[in-house]
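Quick notes on the structure that follows.
This is the structure in structure tokens:
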């Protein structure tokens, strides 16, 4: 039962004096909920939920976003509970040392067997929420988005096979390391085609190693901005893999990485083109070169297009 | 010509006293290079490049990474210039108020017409760099990676059509807004299937709106963890689009968003499964449910699999 923080009826009775929702008649802990402690609260005026936020599970600075959002949505008629404001002050206050809020009671119950009609109703409610939140002013980043997955994976990978044999191998990520990230022909000198000396490391960073290769597919393997020269691509990849073989995941990812690299240079060139300063010493490069390269990569359905036999 | 910061031979002669590379005999500004100011430096001992870092183009705190990387690579025999250390102190020092460094001169020259052999040589050099940097201890995030593209795009979008008619429309991004991000059946109450009340907004955040739909495709449309029920998916999407139509970009992205959503719940469930605390009040959920859902989405090649007629 997820009641982490115990509160007494006396504590709650005093807490309720700040609210205009009557006086306490019943207080019952609720099993439901994983992250926080919830009590069903009956007062002389109605039923409510009292939530105590466990600070190891919820960041206190996020609570104005969560509760403000619920209030914003409920006031616009979206099907969600309305947090109750105290007579003075904010939606979040403190009870027994814990951030706490009182939230309107929802009458319904959990769905049993889910039908297509339920899915339709849920889709409708979700879209209502998306439309109604368009003018909600607070912002909160997704803390379990794409950039967080590698952190989670790193904390699980070595023991993933305890859950199912082979799971660790399935959850591979693209190899990372230091990349040049701007390895264009004008950042390479050659001495009679015997050595290829790389310079201008001022975009170097940690990223997917294969992304460097994807940048070079864009920067080295197109003829006069338009047609892709697969012979050059094959040679580039062959030179690379003689030193460092690509893993299957990197080969699979090459089309999307090449597309990403084209987008990166399209966007930075577009930015520089549109934000030229009057006394600029350098003429900006044509962004449209990278639009046509982007189109090429968008059409690629198979790594064979890059000269790789999969 | 990209010489932003002018320095005199006298300034440089004094600067060189800190280095063991002889005394200045010639100083010539170099056109090449967009971001920084470069001079060709001849001394009684040889030829070098003097680089002055323009603070509007390069963050000074990144210089130890860039120069340390070049030193690390060059010392391991990778084809790149070696920064010269002063007799005492760091690779980066100051000249005329500007961060500055002296870098070994590269003898070669820019490639003319690029041949497949050049591509092969470049691929080889790049792989050398990737292998040699594996034990480089400093780190630097890519500041022009995926998360930065939306910022660049926002700064260009309204004027993109100045570069080519229609470019702004091509560079659309998925619509963003506030999403619930955890809209599982146990976070919804119904009252006789007339209303679907959403609660537990404690993962709500700003993200792609269609990602919320992708989460629900995972959480609502599989039968007993295995088979996908396309009738439910069609109903979910139909209920949603009656309120908020999906744009073509969102429809195209649905398979990859559904795959991402499956990965997110696979990873968080795996994490919770492997990091159970002895006095846990809540039994963790099975991560493998989401492995099979991930496999399903990986096989999807067409949005018709989600009941959408494209």
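Chains as they are written, first to last, in my numbering: chain A, 1 to 310; chain B, 311 to 620.
We treat Cβ as the ideally placed atom computed from N, Cα and C, and that holds for glycine.
Cβ atoms of residue j and residue i: under 9 Å apart, would you say?
| i | j | result |
| --- | --- | --- |
| residue 153(A) | residue 144(A) | no |
| residue 477(B) | residue 270(A) | yes |
| residue 419(B) | residue 190(A) | yes |
| residue 380(B) | residue 396(B) | no |
| residue 63(A) | residue 136(A) | no |
| residue 498(B) | residue 122(A) | yes |
| residue 218(A) | residue 293(A) | yes |
| residue 599(B) | residue 532(B) | yes |
| residue 291(A) | residue 474(B) | yes |
| residue 705(B) | residue 239(A) | Any answer about residue 705(B) is impossible in this case: the structure gives chain B only from 311 up to 620. |
| residue 177(A) | residue 514(B) | no |
Between residue i and residue j, how many whole angstroms is the CB-CB distance? I'm expecting something under 8 Å.
| i | j | result |
| --- | --- | --- |
| residue 41(A) | residue 30(A) | The Cβ separation is near 10 Å, so there is no contact. |
| residue 525(B) | residue 546(B) | Wrong, their Cβ atoms sit about 11 Å apart, outside the cutoff. |
| residue 263(A) | residue 459(B) | 6 Å |
| residue 212(A) | residue 181(A) | 7 Å |
| residue 243(A) | residue 438(B) | 6 Å |
| residue 141(A) | residue 516(B) | 7 Å |
| residue 24(A) | residue 12(A) | 5 Å |
Drop a sphere of 10 angstroms on the beta-carbon of residue i, count the other beta-carbons inside from all chains shown, and report buried for 16 or more, exposed for fewer.
| i | result |
| --- | --- |
| residue 67(A) | buried |
| residue 567(B) | buried |
| residue 555(B) | exposed |
| residue 387(B) | exposed |
| residue 605(B) | exposed |
| residue 297(A) | buried |
| residue 113(A) | exposed |
| residue 43(A) | buried |
| residue 278(A) | exposed |
| residue 506(B) | buried |
| residue 89(A) | exposed |
| residue 311(B) | Annotation note: pLDDT 40 at residue 311(B) (below 50); position unreliable, no value reported. |
| residue 327(B) | exposed |
| residue 120(A) | buried |
| residue 456(B) | exposed |
| residue 428(B) | buried |
| residue 534(B) | exposed |
By Cβ distance below 8 Å, which residues in the same chain neighbour residue i in space, the five residues on each side in sequence not counted?
| i | result |
| --- | --- |
| residue 410(B) | 325, 360, 361, 362, 363, 402, 403, 404 |
| residue 284(A) | 269, 272, 273, 276 |
| residue 315(B) | 347, 362, 364, 406, 408 |
| residue 391(B) | 359, 380, 384, 413, 414, 415, 416 |
| residue 260(A) | 211, 214 |
For chain B, is any of its Cβ atoms less than 9 Å away from the one on residue i?
| i | result |
| --- | --- |
| residue 218(A) | no |
| residue 233(A) | yes |
| residue 7(A) | no |
| residue 34(A) | yes |
| residue 28(A) | no |
| residue 77(A) | no |
| residue 145(A) | yes |
| residue 247(A) | no |
| residue 304(A) | no |
| residue 86(A) | no |
| residue 92(A) | no |
| residue 70(A) | yes |
| residue 11(A) | no |
In its own chain, which residues sit with a C-beta less than 7 Å from the C-beta of residue i, not counting the 5 before and 5 after it?
| i | result |
| --- | --- |
| residue 249(A) | 172, 174 |
| residue 220(A) | 185, 232, 236 |
| residue 161(A) | 167, 168 |
| residue 563(B) | 484, 520 |
| residue 19(A) | 84, 86, 87, 102 |
| residue 307(A) | 230, 233, 234, 237 |
| residue 58(A) | 35, 36 |
| residue 536(B) | 602 |
| residue 619(B) | none |
Are the C-beta atoms of residue i and some chain A residue less than 9 Å apart?
| i | result |
| --- | --- |
| residue 585(B) | yes |
| residue 410(B) | no |
| residue 538(B) | no |
| residue 438(B) | yes |
| residue 434(B) | yes |
| residue 606(B) | no |
| residue 499(B) | yes |
| residue 419(B) | yes |
| residue 574(B) | yes |
By Cβ distance below 6 Å, which residues in the same chain neighbour residue i in space, the five residues on each side in sequence not counted?
| i | result |
| --- | --- |
| residue 349(B) | 337, 339, 360 |
| residue 287(A) | 266, 269, 270, 273 |
For residue i, verify whether its CB is less than 8 Å away from any heavy atom of the ligand ZN.
| i | result |
| --- | --- |
| residue 303(A) | As presented, the structure is devoid of all ligands, the ligand ZN included, so that no description of it is given. |
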